[in-house]
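First residue of the sequence shown: 1, per full-length UniProt numbering; consecutive thereafter.
Beta carbons are placed, not taken as given, at the ideal position from N, Cα and C, and that holds for glycine.
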Amino acid sequence: MHRGPLTISKRTICQYTTRPRQHFISASSNSRVLLSNSVPISRTHYSTTRSKTSPLPNHIPPTLRDLKPLDFSAIMPHAEIPTPTTPGEFTPSEYPPFPSGLPTVQLETISLAKLLARDEAEQSRVFEICKGRGFFYLDLEDGNPTAGETLIRGAEAIAHAGTRTFALPLEEKLSYLMGATTTTTTGSGSDSGGAAGKPRQLFGYKKVGATLADKATGVRDTAEFFNVAKDDMVAPCADPADMPRRGASWPSSILEQRELFAGYMRAAHGVGMLILGLLVDKLGVKPEEIWNRHRIGELAGDHVRITRGPPRDKEEMPEIQTPSHTDFGTTNSITVLMNWLGGLQVWSESSHSAILTDGQPDVPGEWLWVVPKPGCAIINLGDAAVKFTNGVFCSGRHRVIPAPGPQGKFPRYSVVYFVRPEDKVIMEALEGDGIPKKELDFTGGEAEKKLTASEWIYQQALNIGTVFPSANPGAKN
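If you want it as C-alpha cells, here you go:
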C-alpha cells in the first residue's frame, strides 16, 4: 500500500471489535494496542509517516497538496459525549453481505495511487468512463495515505456524528431546516441567487417527505438528511457565530466535530479536483481553469450530506428513499460517496442529455444495484461536469431505495461530499480543443439563460421536486 520507509504513528488504527466504544489498533497480525473511548471503526487502516517526502507534481490540486492528517484519537467522540440511543443504528461490522441474484452494475475500479502518479492508462480509463456512465469505484487504500485514511475513517466518524444528530427530537431538527431563509437582494452567500422570496440556502436539515419521489403518483421520499456546509466548517472563524452560512445554527453533534468535517471536506475536495483536473486536461483545458472555479476558500454550495434511510420490516421493496436524479451542481460536477449498505441504483443506459424536467430516465433500460466496495469511494460526475464540457462527459442517472434482503433491516447511512462551483461562477462551457463550441441547453428550449452556480443549483433542486419551507426562525442569513 505504501512505498518508501514508513513508521507507524500513534494513531495507527485497527480491526473492529464489538466491545462498545472501543476498538483495537494493529500494526501487524501479532500486535494489538487498545484505545478506549473511541468510536468503533470497521476496517483495518494505518496512519503512516514517511521518513522522507518529495514535492508533489503540478497536476496535484492545491487542496490535496496542503492536506494534513487528522488526529482521530483527538477528534473522535469521547465517553462524555452521548452515544446513539438506538441499538444497531450504525454498525458496519454487523451488516450482512449484499445478497446474490440481483441485477448489479459492474463498475470499474480506478486506482487513486495511479492517478496521483499520472499513469496515462489509468487517466484514459477514467476519461472513457466519464464519457459513458460517469460512475466508478476509487480505491482509496493504494494512494495518498492521508487522503485515503481521512475519507475511509472520517466517513465512519461522520456517520456516528449523524446518529446523534438524527436522534434529536423532530422539533429540534426542524429548527435547522434547510432552504427557509429568504432574501430580496443578491448576495454572495445565496444558493438561490438572491431572487426575491426564494429560499436562500440548501444547507441544514431535510425532513422525511420534503422531496417528491414519484411525480406521477405524488409519493414522497422516506429519507432524512443534513447538508453540512463546507463554508462553515472550513472557515477560519474562532467564533461559530461568524461562520458565513448558518453561523452557529448547527446541532452540537456537528459543531463539536468541526475539525473532523473540515479535514474530511478538504480531502474529498482535493480528490475531486484531482480527477476533474485530469479530465479537462485531456480536453485541452489547463487543470487550473477548473480548479479556479472551485477554490475551497470561496463561497460555494459544497457540503457533506449525512443521509439516514429508515430500515424496512418486510422483504418487499417499499417506497423510493430518494427520487431518480442526476447530481446537480457538483464540481464539474463530482460527487464522493461513502456507503456501507446497498440501496444505490444506476440506470443501465447512460444518457448525455441530463434533462431533469420529469425526474425519469430519458432512455429505455433498467435499474441496476451498485454494490458497496470496502476501501473504495463511489465517484460520479454530475450535471455541472456536463455543462462545463458541453456534453462531453455524462452525469449518470441514479436513485436510492432501501437496502435489499437482510441488509434492509438496518438503517441505511451514507456520507456524501458534493464539490460545487463557487457561487459567482457563470455556468457555461469551458474553452478547449476537445470541447464542442455549441452551448448545451439543459432546459430543452432554444436558448438557456446564463446562470450563476448558486442560481443554477437552486433551480435544479426545484426540478427534482424539492419542497422548501417558507420560513425558518432558526436559520441564519
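Suppose contacts are defined by Cβ-Cβ distances below 8 Å. Is residue i in contact with residue j by that definition?
{"i": "A377", "j": "L337", "result": "yes"}
{"i": "R246", "j": "G204", "result": "yes"}
{"i": "A210", "j": "M233", "result": "no"}
{"i": "F166", "j": "R308", "result": "yes"}
{"i": "A453", "j": "N390", "result": "no"}
{"i": "N227", "j": "H303", "result": "yes"}
{"i": "L116", "j": "N144", "result": "yes"}
{"i": "I306", "j": "I158", "result": "yes"}
{"i": "F410", "j": "Y95", "result": "yes"}
{"i": "P244", "j": "L255", "result": "no"}
{"i": "L283", "j": "I129", "result": "no"}
{"i": "F127", "j": "L279", "result": "yes"}
{"i": "V208", "j": "A223", "result": "yes"}
Taking the alpha-carbon positions, what's the residue i to residue j distance?
{"i": "W250", "j": "E122", "result": "41 Å"}
{"i": "L140", "j": "Y264", "result": "13 Å"}
{"i": "K114", "j": "L168", "result": "43 Å"}
{"i": "H59", "j": "V370", "result": "30 Å"}
{"i": "I401", "j": "K206", "result": "17 Å"}
{"i": "R125", "j": "S111", "result": "10 Å"}
{"i": "D142", "j": "L64", "result": "16 Å"}
{"i": "R312", "j": "V105", "result": "23 Å"}
{"i": "D383", "j": "S333", "result": "6 Å"}
{"i": "W456", "j": "M427", "result": "8 Å"}
{"i": "residue 493", "j": "D71", "result": "In this structure the chain extends from 1 to 477, so residue 493 is not present and cannot be described."}
{"i": "A235", "j": "Y458", "result": "23 Å"}
{"i": "K373", "j": "P97", "result": "11 Å"}
{"i": "I355", "j": "S73", "result": "Any reading at I355 needs caution, since the residue's pLDDT is 42, under 50, leaving its predicted position unreliable; the model's value is listed next. About 45 Å."}
{"i": "L67", "j": "M273", "result": "13 Å"}
{"i": "L368", "j": "P99", "result": "13 Å"}
{"i": "K387", "j": "P62", "result": "24 Å"}
{"i": "D433", "j": "I290", "result": "15 Å"}
{"i": "P287", "j": "R293", "result": "10 Å"}
{"i": "D119", "j": "V392", "result": "22 Å"}
{"i": "D221", "j": "G405", "result": "20 Å"}
{"i": "K131", "j": "A238", "result": "43 Å"}
{"i": "G375", "j": "E171", "result": "37 Å"}
{"i": "G162", "j": "G179", "result": "20 Å"}
{"i": "G365", "j": "V346", "result": "10 Å"}
{"i": "A248", "j": "T217", "result": "39 Å"}
{"i": "S348", "j": "A155", "result": "28 Å"}
{"i": "L260", "j": "E431", "result": "37 Å"}
{"i": "V219", "j": "K173", "result": "23 Å"}
{"i": "T91", "j": "G408", "result": "13 Å"}
{"i": "S38", "j": "T109", "result": "Here the model assigns S38 a pLDDT of 36, short of 50, so the residue's position is not dependable, and the following value carries that caveat. Roughly 31 Å separates the two Cα atoms."}
{"i": "A147", "j": "T335", "result": "15 Å"}
{"i": "R164", "j": "L107", "result": "33 Å"}
{"i": "L202", "j": "F225", "result": "11 Å"}
{"i": "K450", "j": "E89", "result": "44 Å"}
{"i": "P310", "j": "S252", "result": "23 Å"}
{"i": "G187", "j": "K437", "result": "Note that G187 scores a pLDDT of 36, beneath 50, so its modelled location is shaky; the value from the coordinates is reported in the next line. Their Cα atoms are separated by approximately 31 Å."}
{"i": "L344", "j": "H160", "result": "20 Å"}
Based on DSSP bridge pairs, tell me the residues matched to residue i.
{"i": "E224", "result": "R308"}
{"i": "G247", "result": "Per DSSP, none; premise fails for G247."}
{"i": "C376", "result": "D139"}
{"i": "N339", "result": "S414"}
{"i": "E349", "result": "In DSSP, E349 forms no bridge with anything."}
{"i": "I426", "result": "T452"}
{"i": "H59", "result": "Note: H59 sits in no beta bridge, so no partner."}
{"i": "R293", "result": "Note: R293 sits in no beta bridge, so no partner."}
{"i": "L177", "result": "Y205"}
{"i": "I158", "result": "None; I158 has no bridge partner."}
{"i": "L283", "result": "Looking at the DSSP assignment, L283 forms no beta bridge with any residue, so it has no partner."}
{"i": "A267", "result": "Paired residues: none, contrary to the question."}
{"i": "A229", "result": "H303"}
{"i": "L344", "result": "V400"}
{"i": "L368", "result": "V346"}
{"i": "L278", "result": "None, per the DSSP bridge assignment."}
{"i": "L381", "result": "I334"}
Query raised in the report: Between the region 411-423 and the region 338-346, do at least 3 Cβ pairs fall closer than 8 Å?
Result: yes
Query raised in the report: Taking three-plus beta-carbon pairs below 8 Å as touching, is the region 387-403 in contact with the region 134-142?
Result: yes
Query raised in the report: Can you list, in chain order, the stretches of the alpha helix (DSSP H) that have 4 or more residues and sit fully within the region 78-142?
Result: 112-116 and 120-131
Query raised in the report: Hey, is the region 141-156 in contact with the region 256-274, meaning 3+ C-beta pairs nearer than 8 Å?
Result: yes
Query raised in the report: Looking at C-beta atoms only, is the number of pairs between the region 294-305 and the region 416-427 that lie closer than 8 Å three or more?
Result: yes
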